[in-house]
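Worksheet: one structure, shown below.
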Amino acid sequence: MMPVRLALACFLLFCGTPLTFSQNQNSNPAARTNDPGVIGNAQYKLGPDSLPQEGVPKGKVEGPFLFHSKIITNTVRQYWVYVPTQYTGEKPACVLVFQDGQRALNTNGPIRINNVLDNLIAKKEIPVTIGIFITPGHRGEEYPATLGMNNPNNRAQEYDALGDTYARFLIEEMLPEVGKKYKLTDDPEGRAIGGTSSGAICAFTVAWERPDAFRKVISCIGSYVSIGYRPAQDGRPMVPGGDLYPTLIRRAAPKPITIFLQDGRNDLDNLFGNWFLANQEMLAALEFANRTADRRGTEGPRYRIKHEWGEGNHSDNHGGAIMPDILRWMWKDYPKN
63 MMPVRLALAC FLLFCGTPLT FSQNQNSNPA ARTNDPGVIG NAQYKLGPDS
113 LPQEGVPKGK VEGPFLFHSK IITNTVRQYW VYVPTQYTGE KPACVLVFQD
163 GQRALNTNGP IRINNVLDNL IAKKEIPVTI GIFITPGHRG EEYPATLGMN
213 NPNNRAQEYD ALGDTYARFL IEEMLPEVGK KYKLTDDPEG RAIGGTSSGA
263 ICAFTVAWER PDAFRKVISC IGSYVSIGYR PAQDGRPMVP GGDLYPTLIR
313 RAAPKPITIF LQDGRNDLDN LFGNWFLANQ EMLAALEFAN RTADRRGTEG
363 PRYRIKHEWG EGNHSDNHGG AIMPDILRWM WKDYPKN
């Protein structure tokens, strides 16, 4: 059997490559692809709300900027700020934070979230929202110019870890940094956070740890598996991975979190877990927590949940194709003016 450390190294090396595979690999459930088109027996194409539209004002995307965190030490990362033309500075804007920001903004990628924000804000289907798109940290003082869409080397340590470290980085460092120039809402219902794969579990962890700051979660192909797990050894205790979340959710009172879960039946299945089963476990746990609280007559919040399962593999294609609908649902009860 492959040693855990070697297996982890192989997996992280695999995840450190861009999400690009040729179409003849689509039959492989473990293939990662960002090429629009057929995945398995499903076709996910971007709709008009994900593409530039004539007559729709285009927000500006500022960056990339470099940021050295004092909370996640010895790392540097890039971030971009999206500002819609409708932002006037007269009142605070809502906030959308997205992990793996380099891919979320990729003009040739499957998410193209700045186009989505342009179109939905113009139609007043979501409120005026400032986007903050952040790469994972790279260890050291320099962010390599050659990374492109690849993953910086501190991604797993940040995204797949349980605990409040990344939440503190966002709330204590990143939001104040962007807030120096733009008025951002401090209403947790006005803040959304999202990501794909390990970026998705990272987004959920932020809301789980700090629902006082973030209450809306976009989770696409979320890695609710054991990537973050470390066995007890050399006197150090065991470190749990994201596969613990269904247990934590079932055994805690519901939190005021709105979450959209997306995944595909052909997602990854490897030594860290089965992604599709893990996402179904998350859904089941969230629904169980709500039912239990209802049965007991427990006062307090309930999870607000929506999900969409498809046929895709470990790819951003499906999530990107439905991103406009995800954002519409996420903000459906929030004032649009």
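Heads up: the sequence shown begins at 63 in the numbering used here, then just goes up one per residue.
For every residue, glycine included, the Cβ atom is placed at its ideal position computed from N, Cα and C.
{"Item": "Under 7 Å between C-beta atoms of R378 and T258", "Value": "The residue asked about is misnamed: residue 378 is Asp in this sequence, not Arg. Yes, Cβ-Cβ distance for D378 and T258 is below 7 Å."}
{"Item": "Boundaries (first-last residue) of the alpha helix (DSSP H) holding W391", "Value": "M385 to M392"}
{"Item": "Extent of the continuous alpha helix (DSSP H) run through A347", "Value": "W337 to R358"}
{"Item": "Inter-residue Cα distance where the pair is I196 and L345", "Value": "27 Å"}
{"Item": "Assigned exposure category for L158 - 16 Cβ within 10 Å defines buried", "Value": "buried"}
{"Item": "Ranges of the beta strand (DSSP E) found wholly within the segment 136-183, counting only runs of at least 3", "Value": "137-145 and 156-161"}
{"Item": "Burial state of D356 (16 or more Cβ within 10 Å)", "Value": "exposed"}
{"Item": "Beta-carbon gap between A340 and Y286 smaller than 7 Å", "Value": "yes"}
{"Item": "Secondary structure of G382, DSSP reduced to three states", "Value": "helix"}
{"Item": "Beta strand (DSSP E) segment containing V268, residue limits", "Value": "Unbroken run through V268 is the alpha helix (DSSP H), S260 to E271; no beta strand (DSSP E)."}
{"Item": "Environment of E361 [buried if 16+ CB atoms lie within 10 Å]", "Value": "exposed"}
{"Item": "Under 7 Å between C-beta atoms of L237 and L389", "Value": "no"}
{"Item": "Distance between T354 and N168 (C-alpha atoms, nearest Å)", "Value": "42 Å"}
{"Item": "Cβ-Cβ distance between R277 and P318 below 7 Å", "Value": "yes"}
{"Item": "Rounded separation between R201 and G381 - CA only", "Value": "29 Å"}
{"Item": "Nearest to S288 (by Cα), restricted to the options M300, G125 and T137", "Value": "M300"}
{"Item": "C-alpha gap between N170 and Y221, whole angstroms", "Value": "24 Å"}
{"Item": "Contact under 7 Å by Cβ, W391 with I188", "Value": "no"}
{"Item": "Test: G109 CB closer than 7 Å to a CB of chain B", "Value": "Chain labels in this structure do not include chain B; a single protein chain is all it has."}
{"Item": "Buried versus exposed, by CB contacts within 10 Å (16 or more), V190", "Value": "buried"}
{"Item": "Validate contact between the segment 324-333 and the segment 264-279 using beta carbons, cut 8 Å, 3 pairs", "Value": "no"}
{"Item": "Cβ-based neighbour list, N352, same chain, cut-off 7 Å, excluding 5 preceding and 5 following", "Value": "P316, R364 and Y365"}
{"Item": "S260 beta carbon less than 7 Å from that of L323", "Value": "no"}
{"Item": "I283 vs D325 beta-carbon contact at 7 Å", "Value": "yes"}
{"Item": "Beta-bridge partners of L128, as assigned by DSSP", "Value": "Q140"}
{"Item": "Distance, D296 Cα to A383 Cα", "Value": "46 Å"}
{"Item": "G109, DSSP secondary structure in three states", "Value": "coil"}
{"Item": "D329 burial status per 10 Å Cβ neighbour count (16 or more: buried)", "Value": "buried"}
{"Item": "Whole-number beta carbon distance between I194 and V268, since they are thought to touch under 8 Å", "Value": "12 Å between Cβ atoms; not a contact."}
{"Item": "Assigned secondary structure, D305 (DSSP; H/G/I helix, E/B strand, else coil)", "Value": "helix"}
{"Item": "Beta-carbon contacts of Y307 that lie in its chain and below 6 Å, excluding the five residues immediately before and after", "Value": "Y286"}
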